[in-house]
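Notes follow once the structure below has been shown.
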Amino acid sequence: MKNTKDTASESKRHYAMVVLKELVKTDFKLRYQGSFLGVAWSVLKPLMLFVVMYFVFVRFLKFTDGTPHFPLVLLLGIQLWNFFTEATNMGMSSIVSRGDLMRKIHFPNAIIVVAATLNAMISLGINLVVVLVFCIASRVQFTWRVVLVPIGIAELYIFALGVALLLATMNVYFRDIQHIWEVVLQAMFYGIPIIYPLSMATSVSPAFAKFILIDPVAQTIQDIRYWLIAPDTTPTVWNYIDSWWIKMIPLAIVLFVFVLGVYVFRKNSRKFAEIM
Amino acid sequence: MHTQGIDKQVSELTEPEVALSVEHVSKSFRLPTEQATGLKQAFINWTKGIKGYKEQKVLKDISFEVHKGDFFGIVGRNGSGKSTLLKLISGIYVPDEGNIRYQGKLVPFIELGVGFNPELTGRENVYLNGALLGFTSEEIDAMYDDIVDFAELGEFMDQKLKNYSSGMQVRLAFSVAIKAQGDILVLDEVLAVGDEAFQRKCDTFFANIKKDPTKTVILVTHDMSAVKKYCNKAILIKDGNIIVSGDKDEVADKYSLENMQVKSNSQNVENRSKDDKDSREYPVGLNARVPVLRIHPVSNQIVTSDDNFEFDLEYEFNEDIPFYVAFSFADTKRGGISYDSGSLRLTRKGHHTVRYSLPMKLFNSTDFKVVASLREDDSDNQYKTKMIAFTNEQNSCLFSVKNDYRLSNYALLRKDSIPIKQEYVD
Numbered sequence: 001m002k003n004t005k006d007t008a009s010e011s012k013r014h015y016a017m018v019v020l021k022e023l024v025k026t027d028f029k030l031r032y033q034g035s036f037l038g039v040a041w042s043v044l045k046p047l048m049l050f051v052v053m054y055f056v057f058v059r060f061l062k063f064t065d066g067t068p069h070f071p072l073v074l075l076l077g078i079q080l081w082n083f084f085t086e087a088t089n090m091g092m093s094s095i096v097s098r099g100d101l102m103r104k105i106h107f108p109n110a111i112i113v114v115a116a117t118l119n120a121m122i123s124l125g126i127n128l129v130v131v132l133v134f135c136i137a138s139r140v141q142f143t144w145r146v147v148l149v150p151i152g153i154a155e156l157y158i159f160a161l162g163v164a165l166l167l168a169t170m171n172v173y174f175r176d177i178q179h180i181w182e183v184v185l186q187a188m189f190y191g192i193p194i195i196y197p198l199s200m201a202t203s204v205s206p207a208f209a210k211f212i213l214i215d216p217v218a219q220t221i222q223d224i225r226y227w228l229i230a231p232d233t234t235p236t237v238w239n240y241i242d243s244w245w246i247k248m249i250p251l252a253i254v255l256f257v258f259v260l261g262v263y264v265f266r267k268n269s270r271k272f273a274e275i276m
Numbered sequence: 001m002h003t004q005g006i007d008k009q010v011s012e013l014t015e016p017e018v019a020l021s022v023e024h025v026s027k028s029f030r031l032p033t034e035q036a037t038g039l040k041q042a043f044i045n046w047t048k049g050i051k052g053y054k055e056q057k058v059l060k061d062i063s064f065e066v067h068k069g070d071f072f073g074i075v076g077r078n079g080s081g082k083s084t085l086l087k088l089i090s091g092i093y094v095p096d097e098g099n100i101r102y103q104g105k106l107v108p109f110i111e112l113g114v115g116f117n118p119e120l121t122g123r124e125n126v127y128l129n130g131a132l133l134g135f136t137s138e139e140i141d142a143m144y145d146d147i148v149d150f151a152e153l154g155e156f157m158d159q160k161l162k163n164y165s166s167g168m169q170v171r172l173a174f175s176v177a178i179k180a181q182g183d184i185l186v187l188d189e190v191l192a193v194g195d196e197a198f199q200r201k202c203d204t205f206f207a208n209i210k211k212d213p214t215k216t217v218i219l220v221t222h223d224m225s226a227v228k229k230y231c232n233k234a235i236l237i238k239d240g241n242i243i244v245s246g247d248k249d250e251v252a253d254k255y256s257l258e259n260m261q262v263k264s265n266s267q268n269v270e271n272r273s274k275d276d277k278d279s280r281e282y283p284v285g286l287n288a289r290v291p292v293l294r295i296h297p298v299s300n301q302i303v304t305s306d307d308n309f310e311f312d313l314e315y316e317f318n319e320d321i322p323f324y325v326a327f328s329f330a331d332t333k334r335g336g337i338s339y340d341s342g343s344l345r346l347t348r349k350g351h352h353t354v355r356y357s358l359p360m361k362l363f364n365s366t367d368f369k370v371v372a373s374l375r376e377d378d379s380d381n382q383y384k385t386k387m388i389a390f391t392n393e394q395n396s397c398l399f400s401v402k403n404d405y406r407l408s409n410y411a412l413l414r415k416d417s418i419p420i421k422q423e424y425v426d
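For the protein sequence lines, the chains are A and B, in the order given. Heads up, the first sequence is in UniProt numbering, so the first residue is 1 and it goes up one at a time. Heads up, the second sequence is in UniProt numbering, so the first residue is 1 and it goes up one at a time.
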């Protein structure tokens, strides 16, 4: 449908923003609908998971990276990982679950995916505040590098959005992807240093440790940990890998996945209403 | 009928700008022949070289234009492709071929209350629905009071939607739809909602929007009285083609006929063995027993209350049993049957013509359709007669009673047709 007026693209963008705002608002309102604690759950749930993991891995299995702040490093990692799983999972099913809407009205479909990932972002924001409070309480020595944290989060978000767009498109055609992605996430969770320090992987095989660091999720999680909490003890792509072109691989992956996601989504999105 | 001709001429002289143009639009769908929403099936189909779907052409080279200020009707039977056309116009589907262009803000209502969520309050739903329809919060702020007023839900707006009755939900959705300040409204089957009082309000609204030269309405409906009442133009779609385009009355009548034909066809399917040939040789309503039944107007087809309306009834019936004719006047303006003659005994078998003359002195201005049926005694009910043939669209006859403008046309019966007695009783 083309509007003959020159202002069409601008008004379209404006429309997209209005719808995005309303969808994010609605999703957020409805998220903990009917629960007594409401939005507090977005803080409580990861905290409770953290307590479980803390006892299992720090107390019982004695994982540590040598800093006194390892529990915080663990907490931060879990929060970031939760963001990634939530954004990709919700983004993936967003199109299919809003199929009803798309059969009734035309609007840029990508908004639905963006709204889903933005909601995960809101949760992350709330959780990062919790992490910060914990950091201050346990007297973490912040360095100037804290200002870099938003860059890491932005990178993680772009990656998650790219993956979500790709998955959402595939999910329209093959619902199987939901189950496949669940397994992939589980493998990735144990594959990258979230609950264990990278040093444990190094002790098995240094090459393997380097390999898992190339995963953009591992790279960003390690970067953010490095910038926010423990610059001395967190190995990152930048200080752990020597050759400069390998250092660039995670960034290249992020860029590639995002461009691919946008491309694939745009190419197929006009047909979503007909297929579902 | 007379005035319509004048309307047409006027509209041709001052043609308003085109609000929506549909040019050579075609659309087909792939209908999966096998369940193909899994990787496994997709892989199996791929290895076997099966396409897994068949092409279904839903719309074939559709073209029409809607002008600014039009109230445009799209009618057609179920599955004719009209909803697909509406979705193409609304941008939900993309045409395979052709172009759709429009000017101004198009607000589609394929369904009422799109995005309505039972867990949100009425107010929140109005804003969400409004945003989806393309309005900013400020724009919705401006129309919010209007919407709530029209829906008559003022005190319920902060209640969750799930606590609304279904009638209330529909009313809210409908109010958003018609109070939305779009230039082109696209409405799909959304007329019959709410209770009688609400219906009347909607009626007034449509009557007003019809007069508004800046608003364009595209309406898909099965309700032919709505088409005749509101629309100024219409198209009839059948199997993906436009078969009638332009005059709303023609479209509405043709649509009614389409439905009648299908009905009689399906009746024939049931007793095909008996009269397979009948259905092909005789037009709708007639059969081998009654090959001819037709009404011819004799007097002018536009008469006044002072005149008599005269018509001839031509029939052919060759059986030696008592048979009857019954005719009735259907008021096409107000709806309903205004007059029925009851069964009148006919005495001559064979091909004959009978003349009838009826005074119109009881009626105000209106449009009548005279339909007749040929009847025989009903073996099941001695007080009734059974229809054996009826006049279809072509064999019936239309006429109008047109009175001086000084006479009121509000009711069908003239005020002097009933002598009134008025006296004080206190």
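From the three backbone atoms N, C-alpha and C, an ideal C-beta is built for every residue, glycine too.
With the rule of 3 Cβ pairs closer than 8 Å, the stretch 354-369 of chain B counts as touching the stretch 329-341 of chain B. Between B:Gly81 and B:Val66, the C-beta gap is not smaller than 8 Å, which leaves the two residues out of contact. Per DSSP, B:Ser400 lies in no alpha helix (DSSP H) segment; the continuous beta strand (DSSP E) that holds it begins and ends at 397-401. Judged by DSSP in its simplified three-state form, B:Thr385 adopts strand.
At least 8 Å separates the CB of B:Phe64 from every CB of chain A. For the stretch 75-95 of chain B, the residues whose beta carbon sits under 7 Å from a beta carbon of chain A are, in order, Ser90, Gly91, Ile92, Tyr93, Val94. The beta carbons of B:Ala326 and B:Arg375 sit closer together than 8 Å. Listed in chain order, the non-local C-beta contacts of B:Ser408 below 8 Å within the same chain comprise Asn364, Lys415, local neighbours out to five positions each way being set aside. Residue range 53-67 is occupied by the beta strand (DSSP E) that includes B:Glu65. With contacts defined as CB atoms closer than 8 Å, B:Lys27 and B:Asp96 qualify as a contacting pair. Excluding residues up to 5 positions away in sequence, Asp312 lie with their Cβ nearer than 6 Å to the Cβ of B:Arg355 in the same chain. Among the CB atoms of chain A, one or more fall inside 8 Å of the CB of B:Phe29. Residue-level contact check: A:Ala201 does not touch chain B, since none of the beta carbons of chain B fall below 8 Å from its beta carbon.
Pairing B:Ala131 with A:Glu22 gives a Cβ-Cβ distance under 8 Å.
Nearest to B:Gly240 by C-alpha distance, out of B:Ser83, B:Phe198, B:Gln394, B:Thr136, is B:Ser83. With fewer than 16 other beta carbons inside 10 angstroms of its own, B:Ile418 counts as exposed. Per the Cβ contact rule, the stretch 150-164 of chain A is in contact with the stretch 80-93 of chain A (3 or more Cβ pairs under 8 Å). Non-local C-beta neighbours of A:Trp227 in its own chain, meaning closer than 7 Å and more than five positions away in sequence, comprise Arg145, Val146, Leu148, Val149, Gly152, ordered along the chain. For B:Ser328, the secondary structure class from DSSP, reduced to helix, strand or coil, is strand. Within the same chain, Val237, Trp238, Ile241 come within 8 Å of A:Lys247 by CB-CB distance, once the 5 residues on both sides are set aside. If you look at B:Gly350, you'll find it in the beta strand (DSSP E) that goes 350-359. At least one CB atom of chain B sits nearer than 8 Å to the CB of A:Leu101. Taking 8 Å as the cut-off, the beta carbon of B:Leu112 is found closer than this to the beta carbon of B:Val170. Of the candidates B:Ile110, B:Lys105, B:Pro118, B:Phe323, the residue whose Cα lies closest to the Cα of A:Lys29 is B:Pro118. In this structure, A:Val172 is the residue among A:Thr88, A:Val172, A:Pro71, A:Ile126 with its C-alpha nearest to the C-alpha of A:Ser97. With a threshold of 8 Å between beta carbons, B:Tyr230 makes no contact with chain A. Closest by C-alpha distance to B:Ile110, out of B:Gly91, B:Ile302, B:Gly167, B:Gly98, is B:Gly91.
In the assembly as shown, A:Tyr263 is an exposed residue. Its beta-carbon has fewer than 16 other beta-carbons within 10 Å. Nearest C-alpha to B:Tyr315 among B:Leu86, B:Lys386, B:Thr347, B:Gln41: B:Thr347. Contacts with chain B (Cβ-Cβ distance below 8 Å) from the stretch 79-109 of chain A involve Leu101, Met102, Arg103, Lys104, Ile105, His106, Phe107, listed in chain order.
By the Cβ neighbour-count rule, A:Asn127 is buried, with 16 or more other Cβ atoms within 10 Å of its own.
DSSP places B:Val284 in the coil class of the three-state scheme, outside both helix and strand. Using beta-carbon distances, B:Gly122 does not count as an interface residue toward chain A, since no partner is under 8 Å.
Looking at the DSSP output, B:Ala234 sits in a beta bridge with B:Gly73, B:Gly246.
The DSSP-derived three-state label of A:Ile195 is coil. Rounded to whole angstroms, B:Thr47 and B:Gln41 show a C-alpha spacing of 10 Å.
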